[in-house]
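Residue numbers (the working numbering), protein chains in the order written: chain A, 229 to 697; chain B, 2 to 209.
Here a beta-carbon is modelled for each residue, glycine too, at the ideal position from N, C-alpha and C.
Quick caveat: nothing in here was measured; it's all calculated off a predicted structure.
First the structure, in the form of structure tokens, and then the observations on it.
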């Protein structure tokens, strides 16, 4: 890939940047979940794993895990999907493969630098925006703006009159994430403190989820399901309801992360209503995708990409039921600051989002490399280990969170709560480690697909061909 | 781009626009993806309506919203009564204060925001100070140990009178009703500009 950095744009094969992003994302997924497994081991086996100096302390390592997963795995898988799907939907080529290759290189460099400084203990200490200000600026300028330019220019130079639903989301999300990054990090640029910092921290954290991860993951499903099943998208109208409700309802509830803070009550009430209303885009999304599956439910069993996508779509139901209600004053009082929230975050990022973009990476890499998946068995192993590992993690942390909530409300001594939740910390480590191992299997499978996968003839899609292994 | 309002629940576009939309919809190949023109299913419409109602019902500030200073004004006054001063036990004193305040317009809120005598001793000087200033205690919020102006309480006219004072149950709700209304009007307008949902595009020459 590096040879394309200084090649002419027309000499770079179509799909190069998407393949680069695809493999980068899987590598970051392995690294991110490996760090997650290590961190979970520290909580499950504190006698064996606590120690080893400050660099391996939980406080340092947790931030590295979170940022590797969000800005490595999830965001680079999104970039992969955009580099692949945006031009396809416009019946055109990517505006600039060279920009895409540079974008991916600078992304990998910047993320490595960012994670290194986090590891070294240089942090803003603001959840999800822990990177120090110079890394934030780097990510805005060298990562998200070039990505947006490539996506927007590809859409503007499309050869279709209309723009398909997926590209509405891609265009809007690449624009909104730049705003979120710059405005959300203002406290670091201008040293804002107090309640302003708290609010903007959660404005950033909420909107990175709501205006970047959630809409892009959903946009991918809008492509994958119609493309692989061959069914038309059930309803263009529901697509409108989904898109606009994401923009309107997901952008406003940041204050619901701070329900116990001295923010104005009107702001919290407003945010709390909007927080429940994130169920509107969720209802629109889930119904549109599941109704598109009509007559093709056999593919949920038979086709790996469809199985990943529909699983992610189904996980959107508990995700949004939790997200919609856990922020209300009555419920937040109980679950705030407990493992319940950790479980919910993993449901969003490792459940809903990961399964949707996993499908895009499977489909995109096979299509662009014109290679059938090396091993369906390994693909199935990946799916089931990922799903079971995630489920163990999610359920165990949800239970641990409820125990912590009870301990908090009834003022149980902290050490008693720690002892009570210890079994669930072990289960969390087991689940997380299964996810980590499954991703090593995935990386091997995709590497072997690139090297030895059956060639897909021109004009055919990988899913149209039978597996040979 | 002209609008028609003869059948607003069917379409808001004129025949010319509908016909051009239909031609484009059927002719265009979006990377092999096609879309249908199905209406938003009735159960989904009801589910969205239920969600909106639930959003207001479950966030209604019966639980957890910080109280205003006004609800404790009677308690604070009662603290200076000889009958209360004569009670030695704090527990008995607060029980007596609560009993004396039965019938207050704030009873329901006071039940949800109980205080101890120690709490009242912290609040008392702050509430008395505000009362001396002649401000409306309903504008002031009890945030932990402090009584502060912690919410936007509406605009004042030039003569000093209030345009509208937010009741305790409406801190952020009216604005939400407007916000939601604008959203749903906007989305309905967008959707109703499409060809009527009775028409379905033909994909691959197959008539639906």
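Chain A contact for residue i (CB, 8 Å cutoff)
i	result
residue 18 (chain B)	no
residue 207 (chain B)	Residue placement at residue 207 (chain B) is flagged as unreliable, the pLDDT there being 46, under the threshold of 50; a coordinate-derived value is accordingly withheld.
residue 43 (chain B)	no
residue 156 (chain B)	no
residue 67 (chain B)	yes
residue 5 (chain B)	no
residue 114 (chain B)	no
residue 184 (chain B)	yes
residue 52 (chain B)	yes
residue 21 (chain B)	no
residue 132 (chain B)	no
residue 117 (chain B)	no
residue 151 (chain B)	yes
residue 25 (chain B)	yes
residue 109 (chain B)	no
residue 136 (chain B)	no
Residue nearest to residue i in terms of C-alpha spacing, selected from the options
i	options	result
residue 330 (chain A)	A:321, A:521 and A:369	A:369
residue 258 (chain A)	A:686, A:621 and A:672	A:672
residue 493 (chain A)	B:43, B:198 and B:62	B:62
residue 334 (chain A)	A:641, A:322 and A:307	A:307
residue 529 (chain A)	A:472, A:421, A:662 and A:457	A:457
residue 30 (chain B)	A:515, A:319, A:686 and A:574	A:319
residue 324 (chain A)	A:362, A:233 and A:603	A:233
residue 475 (chain A)	A:491, A:509 and A:285	A:509
residue 627 (chain A)	A:435, A:606, A:680 and A:572	A:572
residue 246 (chain A)	A:449, A:597 and A:580	A:597
Under 9 Å by beta carbon: chain A residues contacting residue i
i	result
residue 174 (chain B)	494, 497, 498 and 501
residue 13 (chain B)	Per Cβ cutoff of 9 Å: no residues; residue 13 (chain B) is ~13 Å from chain A at best.
Residue i classed as buried or exposed, judged by whether at least 16 other C-beta atoms fall within 10 angstroms
i	result
residue 398 (chain A)	buried
residue 527 (chain A)	buried
residue 51 (chain B)	exposed
residue 182 (chain B)	exposed
residue 419 (chain A)	exposed
residue 17 (chain B)	exposed
residue 638 (chain A)	exposed
residue 594 (chain A)	buried
residue 209 (chain B)	Its pLDDT being 40, under 50, residue 209 (chain B) is placed unreliably in this model, and the value from its coordinates should be taken loosely. With fewer than 16 other Cβ atoms within 10 Å, it is exposed.
residue 100 (chain B)	exposed
residue 460 (chain A)	buried
residue 156 (chain B)	exposed
residue 230 (chain A)	exposed
residue 134 (chain B)	exposed
residue 148 (chain B)	buried
residue 631 (chain A)	buried
residue 660 (chain A)	buried
residue 348 (chain A)	exposed
Contact list for residue i against chain D, beta-carbon separation under 8 Å
i	result
residue 62 (chain B)	Among the protein chains of the structure shown, namely A and B, there is no chain D.
Chain-ordered chain B contacts of residue i [CB-CB under 7 Å]
i	result
residue 319 (chain A)	30 and 32
residue 685 (chain A)	Ordered by position in chain B, no residue passes the 7 Å Cβ test against residue 685 (chain A), which lies about 16 Å from the chain.
residue 232 (chain A)	Result: empty, since nearest Cβ-Cβ is about 24 Å, beyond 7 Å.
residue 589 (chain A)	In chain order: nothing, as chain B lies at least about 18 Å away.
Residue i at chain B interface by Cβ criterion, 8 Å
i	result
residue 455 (chain A)	yes
residue 242 (chain A)	no
residue 561 (chain A)	yes
residue 398 (chain A)	no
residue 248 (chain A)	no
residue 521 (chain A)	no
residue 633 (chain A)	no
residue 478 (chain A)	no
residue 527 (chain A)	no
Chain-ordered neighbours of residue i on chain B, where CB pairs are closer than 8 Å
i	result
residue 465 (chain A)	38, 39, 40, 41, 192, 195 and 198
Interface residues of chain A facing residue i [CB-CB closer than 7 Å]
i	result
residue 179 (chain B)	By Cβ distance, chain A contributes nothing, its closest Cβ being about 11 Å from residue 179 (chain B), past 7 Å.
residue 48 (chain B)	511
residue 56 (chain B)	501, 504 and 505
Interface residues of chain A facing residue i [CB-CB closer than 8 Å]
i	result
residue 59 (chain B)	504, 553, 556 and 558
residue 188 (chain B)	468, 469, 472 and 473
Spell out a yes or no on whether the segment 567–587 of chain A and the segment 68–81 of chain B are touching, meaning 3 or more CB-CB pairs, one atom from each, closer than 8 Å. no
Meets three-Cβ-pair contact criterion under 8 Å: the segment 338–348 of chain A and the segment 401–408 of chain A: no
Does the segment 411–426 of chain A come into contact with the segment 552–564 of chain A, if we say contact requires no fewer than three beta-carbon pairs (one atom in each stretch) closer than 8 Å? no
Is the segment 186–205 of chain B touching the segment 460–470 of chain A, taking contact as three or more C-beta pairs under 8 Å? yes
Would you check if there are 3 or more beta carbon pairs closer than 8 Å linking the segment 374–389 of chain A to the segment 419–437 of chain A? no
At least 3 beta-carbon pairs within less than 8 Å: the segment 274–294 of chain A vs the segment 662–677 of chain A: no
If contact is defined by three or more beta carbon pairs under 8 Å, each pair taking one atom from either stretch, is the segment 179–193 of chain B in contact with the segment 511–521 of chain A? no
Stretch-stretch touch, CB-based, cutoff 8 Å, three pairs: the segment 544–551 of chain A with the segment 498–509 of chain A: yes
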